[in-house]
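Asker:
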Amino acid sequence: MEAVSDAAIVERVLRGNVEAFGGLVERYRDRYARYALHMLGNREDAEEALQDAFTRAYRSLSRCDDPERFGAWLFRILVNRCRTVGARRGRRAKTFVFDETALLSASEEHPAEQGAWREEIDRALQRLRPEQREAFLLKYVEELGYDEMSRLTGVGVSALKMRVMRACDRLRELLSEVHSA
Amino acid sequence: MRDDDNVKIKDVARALREPVRIDASFNERVMRAVRDLPKHSRLSFWRRWSMPRTITVSPLGASLVAASLVVFALVGLWHVSDDIDRAAKPIAKAIFPSKVAPDQHVQFVLVAPDAKKVAVVGDFNGWDASHSAYQAQHRGGGVWSVMAPVPVGHHRYSFVVDDSLWVADPSAPRVVDNDFGMTNSAIVVEEQR
Numbered sequence: 008m009e010a011v012s013d014a015a016i017v018e019r020v021l022r023g024n025v026e027a028f029g030g031l032v033e034r035y036r037d038r039y040a041r042y043a044l045h046m047l048g049n050r051e052d053a054e055e056a057l058q059d060a061f062t063r064a065y066r067s068l069s070r071c072d073d074p075e076r077f078g079a080w081l082f083r084i085l086v087n088r089c090r091t092v093g094a095r096r097g098r099r100a101k102t103f104v105f106d107e108t109a110l111l112s113a114s115e116e117h118p119a120e121q122g123a124w125r126e127e128i129d130r131a132l133q134r135l136r137p138e139q140r141e142a143f144l145l146k147y148v149e150e151l152g153y154d155e156m157s158r159l160t161g162v163g164v165s166a167l168k169m170r171v172m173r174a175c176d177r178l179r180e181l182l183s184e185v186h187s188a
Numbered sequence: 080m081r082d083d084d085n086v087k088i089k090d091v092a093r094a095l096r097e098p099v100r101i102d103a104s105f106n107e108r109v110m111r112a113v114r115d116l117p118k119h120s121r122l123s124f125w126r127r128w129s130m131p132r133t134i135t136v137s138p139l140g141a142s143l144v145a146a147s148l149v150v151f152a153l154v155g156l157w158h159v160s161d162d163i164d165r166a167a168k169p170i171a172k173a174i175f176p177s178k179v180a181p182d183q184h185v186q187f188v189l190v191a192p193d194a195k196k197v198a199v200v201g202d203f204n205g206w207d208a209s210h211s212a213y214q215a216q217h218r219g220g221g222v223w224s225v226m227a228p229v230p231v232g233h234h235r236y237s238f239v240v241d242d243s244l245w246v247a248d249p250s251a252p253r254v255v256d257n258d259f260g261m262t263n264s265a266i267v268v269e270e271q272r
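So the protein sequences, as listed, match chains A and B. Numbered per our numbering, the first sequence spans residues 8 to 188. Numbered per our numbering, the second sequence spans residues 80 to 272.
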C-alpha cells in the first residue's frame, strides 16, 4: 500500500482535518526524538522540545512553503527548539541525566560491556559544547551535508567544519581516557 | 578522520544512529495540544491554486465528463447570438452570490486623504479588490467607508488603496502572520438577534 505523502497530509490538515496531523507525528516522532535526545541528554527535555516543535509546526503549517519537504521544515524548528530548551536548562544549571539516554538508546541484545560503552559515548557527547554537539550530530548522526547544515543552523560552512573538527577531537580525547582507564 | 586514534568517530556515530523509541502516549499528548489550537479552516488563495494534487478518473467518469462538455459546448453555441449580458449575469451571480447567508453588514472606515480609490479585501470576498460590493466611497475629509456584507465568523481583511497599497485597518486587531507574509486585520462578525 502506497504511503500518503507529507504534502497530502498537510493539505488535509489545512482543510481543517486536525486528526490528520497525527500521521505526521507518527512519521517523524522517533526519527527526530533521536536528535533531541542526543542534543539535550535526557528524555524529559527531549520530549518537551519535540512536542513544542510539533505544535509550532501545526500552528505555522500554512507557512510551510514546500509541504513535500515537511520533514526538513519540522527538523529546522526542532533544532531551534533544542537550542532554546538547552539554553534554558543551562540557566537552571540542571545536571544531565545520562542514564536515561543510555536506557532509551541501548538495545536489549547488547552485551553489558557494549551498554557501558554506549553510556560513555552519551556522557562524552554531553560534555561537548552545545554548538559543537549540534554540529557533530547533524554531520555524523543525521548525515547532513555542510550546505544543508548551514541552511538549517544559519551558521557558515567554515565555522561548522571547525565545530565538527573540534567536536571529533574532544570526543576522541574523552573516550580515549575511558579506553585507557 | 584519523584512523590511528584509539577511538574511531565512525563507530561513535554508528552507535548514536541506533533508533530511539518514544512512548506512543507522546502522540496523544501532541494531539491534545494541537486540538487546543485554532483549527486550520481553509487553504490560502495561493496555495489552493498552486498545490499539486492527484485526480483519479474512471473510464466511465471520464466519458461522462467528456459528454457533458460536448453538450455544454453545443448549448453554448446555440445561445451565442443571445444578448451577452443576459448570459453573463447568471454566471456572475453564481460566482459572487448577492446573498451569502448568514451575513451581516459591516461598516469599514479608513482615513486616507491622498487616496483616489479604496477597496476592502478579505477572506470573505476572495481577496478581490475589484469586488463591487466592497468599494469604499469618499465621504469627505479624507474619510472612506463602505457598508459591506460579511458572513458571521472570524475573518481577516485589509484595505487596498489605489489598487496597489495594502493597508491594515488601524482601528482593528492585527494578524501579523498571514499566508502571504503580510499584516492584515482581524474581525469577528456575530449574528445580530
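Where a beta carbon is used, it is the ideal one built from N, C-alpha and C, also for glycine.
Excluding the 5 residues preceding and the 5 following Ala43(A) in the sequence, name in chain order all residues of the same chain whose CB lies nearer than 7 Å to its CB.
Answerer: Against the first sequence, residue 43(A) aligns to sequence position 36. Here the set comprises Ala53, Ala56, Leu57, Leu85, Cys89.
Asker: On the three-state DSSP scale, how would you describe Val25(A)?
Answerer: For this step, residue 25(A) is matched to residue 18 along the first sequence. Three-state result, Val25(A): helix.
Asker: Would you verify that the beta carbon of Thr160(A) is, or is not, closer than 8 Å to some beta carbon of chain B?
Answerer: Residue numbering aside, residue 160(A) sits at position 153 when the first sequence is read from its first letter. Answer no: the Cβ-Cβ gap between Thr160(A) and chain B never drops below 8 Å.
Asker: I want to know whether the segment 169–179 of chain A touches the segment 130–150 of chain A - three or more CB-CB distances under 8 Å.
Answerer: The segment 169–179 of chain A is in contact with the segment 130–150 of chain A.
Asker: Could you give the distance in angstroms between the alpha-carbon of Asp13(A) and the alpha-carbon of Ile88(B)?
Answerer: To locate residue 13(A), count along the first sequence from 1; it is residue 6. To locate residue 88(B), count along the second sequence from 1; it is residue 9. Approximately 34 Å between the Cα atoms of the pair.
Asker: Find the nearest neighbour of Ala64(A) within the set Glu51(A), Gly48(A), Leu81(A), Asp73(A), judged by alpha-carbon distance.
Answerer: The residue you call residue 64(A) lines up with position 57 of the first sequence. Closest option to Ala64(A), Cα to Cα, is Leu81(A).
Asker: At the 8 Å Cβ level, is Ser69(A) part of the contact set with chain B, yes or no?
Answerer: In the first sequence, counting from the first residue as 1, residue 69(A) sits at position 62. So, interface residue.
Asker: Can you tell me where the alpha helix (DSSP H) holding Ala60(A) begins and where it ends?
Answerer: The residue given as residue 60(A) occupies position 53 in the first sequence. 50–66 is the extent of the alpha helix (DSSP H) around Ala60(A).
Asker: Let me see if you follow: with CB-CB separation under 8 Å, is Ile84(A) close to chain B or not?
Answerer: Within the first sequence, numbered from 1, the residue matching residue 84(A) stands at position 77. Judged by the 8 Å Cβ criterion, Ile84(A) is not in contact with chain B.
Asker: Taking buried to mean at least 16 other C-beta atoms within 10 Å of its own C-beta, is Arg179(A) buried or exposed?
Answerer: Taking the first residue of the first sequence as 1, we reach residue 179(A) at position 172. With 16 or more other Cβ atoms within 10 Å, it is buried.
Asker: Per DSSP, Phe187(B) forms a beta bridge with which residues?
Answerer: Stepping through the second sequence from its first residue, residue 187(B) is reached at position 108. For Phe187(B), which the question treats as bridged, DSSP gives the partners Val225(B).
Asker: Bridge partners of Tyr236(B), per DSSP?
Answerer: What you label residue 236(B) is simply residue 157 of the second sequence in a count that begins at 1. Paired residue(s): Gly201(B), Ser264(B).
Asker: Flag this pair as touching only if the segment 64–75 of chain A and the segment 151–170 of chain A have three or more C-beta atom pairs under 8 Å; answer yes or no.
Answerer: Touching, no, given that fewer than three Cβ pairs across the two stretches are closer than 8 Å.
Asker: Kindly list, in the order they appear in chain B, the residues whose Cβ is closer than 7 Å to that of Tyr65(A).
Answerer: Numbered from its first residue, the first sequence carries residue 65(A) at position 58. What Tyr65(A) touches in chain B: Val113, Leu116.
Asker: Measuring only the C-alpha atoms, how far is Lys118(B) from Arg76(A)?
Answerer: Indexing the second sequence from 1 puts residue 118(B) at position 39. Indexing the first sequence from 1 puts residue 76(A) at position 69. Whole-angstrom Cα-Cα distance: 22 Å.
Asker: Mind checking if Thr91(A) is an interface residue toward chain B, Cβ cutoff 8 Å exclusive?
Answerer: For the purposes of this step, residue 91(A) is taken as the residue at position 84 of the first sequence. It does not; no Cβ of chain B falls within 8 Å.
Asker: Going by CA-CA distance only, name the one from Gly161(A), Val148(A), Val162(A), Arg158(A) that's closest to Asp90(B).
Answerer: Your numbering for residue 90(B) matches position 11 in the second sequence. Per the Cα distances, Val148(A).
Asker: Based on the DSSP secondary-structure assignment, which residues constitute the bridge partners of Gln216(B)?
Answerer: By one-based count along the second sequence, residue 216(B) stands at place 137. Paired residues: Ser224(B).
Asker: Along the chain, where does the alpha helix (DSSP H) that runs through Leu95(B) open and close?
Answerer: Sequence index remark: in the second sequence, residue 95(B) carries index 16 (1-based). That run of the alpha helix (DSSP H) goes 88–95.
Asker: Would Trp213(B) and Ala191(B) qualify as a contact pair, given that the criterion is a beta-carbon distance under 8 Å?
Answerer: Numbered from 1 along the second sequence, position 134 holds the residue referred to as residue 213(B). Numbered from 1 along the second sequence, position 112 holds the residue referred to as residue 191(B). The sequence shown places Tyr at residue 213(B), not Trp. No.
Asker: Since Trp245(B) sits in a beta bridge, which residues does DSSP pair it with?
Answerer: For the purposes of this step, residue 245(B) is taken as residue 166 along the second sequence, with counting starting at 1. Looking at the DSSP assignment, Trp245(B) forms a beta bridge with Val239(B).
Asker: With DSSP collapsed to three states, give me the class of Asp13(A).
Answerer: On the first sequence, position 6 is the one that residue 13(A) refers to. Reduced to three states, the DSSP call for Asp13(A) is helix.
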